[in-house]
Structures are given as structure tokens and as C-alpha cells.
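J.:
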Amino acid sequence: MTYFTEITNKYIKNNEMFSRFMKVFSVDFLVRGANFLLIYVFLYLMTKDEFGVYGYLYSFAMTVSGILNFGFYISMTKLYADTNSDSNKQSSMLFTVTTALISLVTISMLIVYFLKIDVDFFSLLNKTNGIDASTYLNYRGYVFVAILSMIFTNFLSFYFVSSEQIKKLQLFNLIRFFLSNGISVLILYYSNGDNVLQRLAITYSMELLLTIIFGVFLFKRFIFRFDNYYLRKSFKIGMPIMVSSLMYSVVNFGDKFFVVKYSGINDFAVYNLGFLLATIVLIVYQSFNFVWIPLFLKEKDLVVLRRKTRRYIILIFFSFLLLGVLLWFFTLFALKINIIPATYNTILYLLPILILSQIFAALIGILVNFMTYFEKTYIQVFVGAGLSLVGYFLFDFLGKNYFTIGVAVGLLILNIISFVFYYFRVEYYINNRLKE
2 MTYFTEITNK
12 YIKNNEMFSR
22 FMKVFSVDFL
32 VRGANFLLIY
42 VFLYLMTKDE
52 FGVYGYLYSF
62 AMTVSGILNF
72 GFYISMTKLY
82 ADTNSDSNKQ
92 SSMLFTVTTA
102 LISLVTISML
112 IVYFLKIDVD
122 FFSLLNKTNG
132 IDASTYLNYR
142 GYVFVAILSM
152 IFTNFLSFYF
162 VSSEQIKKLQ
172 LFNLIRFFLS
182 NGISVLILYY
192 SNGDNVLQRL
202 AITYSMELLL
212 TIIFGVFLFK
222 RFIFRFDNYY
232 LRKSFKIGMP
242 IMVSSLMYSV
252 VNFGDKFFVV
262 KYSGINDFAV
272 YNLGFLLATI
282 VLIVYQSFNF
292 VWIPLFLKEK
302 DLVVLRRKTR
312 RYIILIFFSF
322 LLLGVLLWFF
332 TLFALKINII
342 PATYNTILYL
352 LPILILSQIF
362 AALIGILVNF
372 MTYFEKTYIQ
382 VFVGAGLSLV
392 GYFLFDFLGK
402 NYFTIGVAVG
412 LLILNIISFV
422 FYYFRVEYYI
432 NNRLKE
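Using my numbering, read the sequence shown as starting at 2 and increasing by one per residue.
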């Protein structure tokens, strides 16, 4: 009993990391868990075709937002930790990074919109009969709203994380969930309009509006002094993230592209559902990382960082495996009692592969934090380029021969390769720094 009490006190009661994680995860669990349950609501409010189209457009918007955020959310997180000892410098940095991001995104979006670069990019990524450019044009305006919402919601969330304003982040997430999803469900239930268009329009218009409102908390921190030093540092850290996101578009969007190409939009609806369910694993990791990254960037002892990272890798891997098993049995139960329509039953074969893939994606996230720590984010460009090249041929071969299952296996293989590379690269950087 004494031993059990000691372990409990060490790892739970007196553990700052665990305490902070539970504070974030308690609300995240409510919000994300409710979002998880809403998946089943949308399965009945939308046809299989509509569910597939919406998921495809969402994935495309996520891919574009990952490119057009310029990696500034990472820059801001790193620079926030670097300026912790001087509130004036920190406030000037926040003003510089935020105004630069708003300006860059505004200019970029106008260029993309009027030159129709997004249409060409969509056509390039999607040379299939599933969803062509003409279908995309029907939803284009609200895809842009979704992209803007994703960029600035992500940036604001990372500000709350960096400044350790967990309660504001929790409130932000709660209001976003209830307003955007609540109104979407009501509109889809009572309206006979285009469900894809309505869900896109309501969800991301509301999220963008709430981001602007909550952005006041960031605005209050500003000292209106633009500092070119922080702008240069932001580009140094962030631009490689942006370029790597462009490279990773083949991996992040490529699996969806090849599912639609070789299996069609209806099979993509099943794949998209499986991907959404498997993403629960990644959501738990994100709650962990929100707490971990401010502490991580403040820690100067690399021996301590390496020890903690190795411990968290093992803990996350086995914890998420258990979560994945529970998720698979819950999905089986949901199919049995018809919460998930029977037309989605092939998800049971896909889900284990997608869950394992997302577990490795979470482990990659832990290691990629070191690229920010060492200001080596340019490494992600080369990794992204290499994986995209391998991914294109791997998805094509496996998709052509094994269809949706093959594409899922391809995604798992790419994530394992990426994890192995980053693990040994991190070890290399740590060992080199310790020798200095």
C-alpha cells in the first residue's frame, strides 16, 4: 500500500505534467467526445455521398491551411518561450508575428482567389471522376472561409497554450463546439438544402467569428512596435514548416486522393469515417502536447528532455494501443445496434490500420518538437519531399492493387518511416549538443 501511495503521489498527485494534462483533457474530452458522438448524427443527416464530399473538402481545406499559415504558430510558440523573461519584448513579438501573419494570409488568399490557384491545385491533386473541379467550384467560397478559420483558430489556440491560459482555451473550445455544431445540426435537420454547403458555411463562419472575438485576449497583449528581428526569426522557423506542409500535401491529402481515384466517393465515405474515428487518438495526443510544449521549450537540460521524451513515447504508444482496441470494439458495437449504418461495415477492416497509423503520427509529433527546439525546422522540408515522392508511388501501387485497404497500409508505412527518421535525427542533435 505504501509503494502504491508513493507511485500515486509521484506520478499523479504531485506531477505537474499530469495535473495540467487533466485540466486540458477534461474539457477536451467533453468537446472532442461530443464531436465524436456528433459523427453519428451527421451520418444520418447526410447521405453517404454528402458525407464523403464534405470529408474530402475538409481534408483539402486542412491541407491548404497547413501551407498558408506560414508556420507562424510554431514561430510564435518558440519565440514566446524565448521572451518569457521580458514582457515588453514578448508583447512586441506578439504584435509583430500576428500582424505579419494577418498581412501574409490576406495577400496570399487574394492572390490565390483571383488567380484561381486553389482550383488548379485541386485539379492537380484530384484527377479522378469522384470530385472534379466543377464540384469544388460549387463550394469554393466556403472552403476559403474554412481555410481562414483553420489558420487563425490554430494560431490563437497555440497562443493560449504558449501563455498557459488554459481556462481561456477551454472556454474557446466549448463555445466553438456548442455554437458551430449545434446550429449546423439544427439547420441540416430542418432544411432541405445542400447539406455539404450548409455544414461548411455554418461551421466555419461561426468558428471564424469566435476566433475574432477571442482574439481580443491576444490583442490586449500587444505593444504596437514592429520588430524586424522577430519577423526574421518567424520566417526562419516558420517558412520551412510551410514548405514542408506543401511537400506533405501528397501524404496528408494523397491517401484521400487515391482512395477516391481507385475506390470511388462512397468507399471514401467509409475511409473518411474510419479516419475521423482514428483521429481520436491524435486528439488525445494534442491535449497532451498543448501541455507539454511550453514546458518542453523552457527546459534547458537535454538529458532531462531525452529521458522524458523516451518515457512519453513508450507511455503514449501502449496507452494509445489500448485506446485503439476500445475504439474498435465500440465501432463494432455501434454497427451492431445500427448507430453506424450497415453500409459502413467495411470500416472494421480499415480501423486497426488507421489507428496504428495515427499512433505513429502522434509519436512523430513528439519528436518534431525537437526540430523547433533546435531551430532545425528546415529538416521537415527534406523529410516532406522524400515522403511525398515515396508516398505518391506507394499510394498509387497499393491503391491500384489493394484499393482502400492498400492506401491505409501505405499511410501506416510512411508514418513508421517518418518516426524512425526523426527518432535517430533527434538523437543525433542531442548528442552533438551535449558534446559542445
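Note that the Cβ used here is the ideal one computed from N, Cα and C, for glycine as well.
Tell me, please, whether the segment 176-190 touches the segment 204-217 by the rule of three or more beta-carbon pairs shorter than 8 Å.
T.: The segment 176-190, when compared against the segment 204-217, does touch it at the 8 Å Cβ threshold.
J.: List the endpoints of the continuous alpha helix (DSSP H) containing T48.
T.: From DSSP, T48 is part of no alpha helix (DSSP H); its letter is neither H nor E.
J.: Which value, in whole angstroms, describes the spacing of the CA atoms of Y429 and V304?
T.: Between Y429 and V304, the C-alpha separation is close to 13 Å.
J.: With 16 other CB atoms within 10 Å as the buried threshold, where does V285 fall?
T.: By the neighbour-count rule (16 or more Cβ atoms within 10 Å), V285 is buried.
J.: Leaving out five residues before and five after N130 in sequence, what residues of the same chain have Cβ atoms less than 7 Å from its Cβ?
T.: Annotation note: pLDDT 47 at N130 (below 50); position unreliable, no value reported.
J.: With distance defined between alpha-carbon atoms, name the residue in Y263, T347, L116 nearest to K401.
T.: K401 has its Cα closest to that of Y263, out of Y263, T347, L116.
J.: My assumption, with CB atoms under 8 Å, is that S150 sits in contact with L209. Please give the rounded CB distance.
T.: That pair is a contact at about 4 Å.
J.: Is it true that the CB of Y313 sits closer than 8 Å to the CB of I367?
T.: Result yes, Cβ atoms of I367 and Y313 sit closer than 8 Å.
J.: Using the C-alpha atoms, what's the distance from Y74 back to T378?
T.: Taking the straight line joining both Cα atoms gives about 13 Å.
J.: Nearest CA to the CA of T405: which residue from L80, N267, T280?
T.: Ranking the options by Cα distance to T405, first place goes to N267.
J.: Just how far apart, CA to CA, sit D87 and I224?
T.: About 12 Å.
J.: Measuring only the C-alpha atoms, how far is Y403 from G56?
T.: If you take the alpha carbons of Y403 and G56, they lie about 22 Å apart.
J.: Where does N346 land, buried or exposed, given buried means 16+ other C-beta within 10 angstroms?
T.: Exposed is the call here.
J.: How about G53 and F269: do their beta carbons lie closer than 8 Å?
T.: Taking 8 Å as the Cβ cut-off, G53 and F269 qualify as a contacting pair.
J.: Does N433 come out as helix, strand or coil in the three-state DSSP assignment?
T.: Helix.
J.: Report buried or exposed for D302, applying the criterion of at least 16 other Cβ atoms within 10 angstroms of its Cβ.
T.: Exposed, since its Cβ has fewer than 16 Cβ neighbours within 10 Å.
J.: Quick check on the DSSP output: the alpha helix (DSSP H) that includes Q359 runs from which residue to which?
T.: Run containing Q359: 348-374, per the alpha helix (DSSP H) assignment.
J.: Could you tell me if V326 is buried or exposed, where buried requires 16 or more neighbouring beta carbons within 10 angstroms of its beta carbon?
T.: Flag for V326 reads exposed.
J.: Along the alpha helix (DSSP H) that carries A202, what are the first and last residues, could you check?
T.: Note, A202: alpha helix (DSSP H), 196-220.
J.: Compute the distance between the beta-carbons of F227 and F96, then report whether it is under 8 Å.
T.: It is a contact, given that the beta carbons lie within the stated cut-off.
J.: For A409, which residues of its own chain have a beta-carbon under 6 Å away from its beta-carbon, when the five flanking residues on both sides are left out?
T.: Here the set comprises L351, I354, L355.
J.: In this structure, how does DSSP classify I338 when only helix, strand and coil are distinguished?
T.: Here I338 sits in coil by DSSP.
J.: Name the residue from G385, F156, I348 whose alpha carbon lies nearest to the alpha carbon of M248.
T.: When only C-alpha atoms are compared, the closest one is G385.
J.: For D119, which of helix, strand or coil comes out of DSSP?
T.: If DSSP states are grouped into helix, strand and coil, D119 belongs with the helices.
J.: Under 8 Å, do I294 and N370 count as touching if we go by C-beta distance?
T.: Yes, these two residues count as a Cβ contact at 8 Å.
J.: Going by the beta-carbon positions, is the gap between Y143 and L198 smaller than 8 Å?
T.: Contact: yes.
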